[in-house]
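Accompanying notes for the structure given below.
In the numbering used here, the protein residues as written are 79 to 204.
Rendered as structure tokens:
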């Protein structure tokens with residue numbers, strides 16, 4: 079199983095953090111892989127470190143995606159106050175309608191790999 083942090087929506091439409099497990103299938107004794115996922119596109123992002131102002135500004139992505147940190151770090155805060163802290167190699171599943179705040183705080187700029195799905199809200203992993 080591959081476990082990652084994920085955004086979710088409660089019954090009142092407020093965002094919170096949960097864990098998602100994705101089943102992996104062995105390729106050989108050294109590698110496992112998930113089923114193919116139906117992504118629409120992928121891209122790379124280069125984020126400068128956050129200033130210490132606007133710490134609680136919330137925003138939407140409007141599309142479900144997975145964001146993986148390649149360098150630097152990010153702290154993603156949900157409406158309920160839960161936080162997902164990410165470093166290189168960490169991933170988060172983003173609900174397109176989940177309000178959240180992203181702080182990029184590290185000694186180097188944060189670089190991410192973003193894989194976007196067709197569903198604007200959530201994505202069910204295969």
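Beta carbons are placed, not taken as given, at the ideal position from N, Cα and C, and that holds for glycine.
With the rule of 3 Cβ pairs closer than 8 Å, the stretch 107-114 does not count as touching the stretch 164-171. Closest by C-alpha distance to residue 138, out of 171, 145, 196, 176, is 176. When beta bridges are read from the DSSP output, residue 102 appears opposite no residue. Residue 121 is bridged by DSSP to 192. Under the 10 Å beta carbon count, residue 180 is surrounded by 16 or more other beta carbons and is classified as buried.
Looking at the DSSP output, residue 82 sits in a beta bridge with 98. Pairing residue 193 with residue 169, the inter-Cα distance amounts to about 11 Å.
Scanning 81, 90, 95, 89 for the CA closest to the CA of residue 155 turns up 95.
Under the three-state reduction of DSSP, residue 169 is assigned to strand. Distances from the alpha-carbon of residue 141 to those of 86, 195, 202 put 195 closest. Non-local C-beta neighbours of residue 104 in its own chain, meaning closer than 8 Å and more than five positions away in sequence, comprise 110, ordered along the chain. Distance from residue 171 to residue 201 at the Cβ level is roughly 7 Å; contact confirmed, criterion being Cβ atoms closer than 8 Å.
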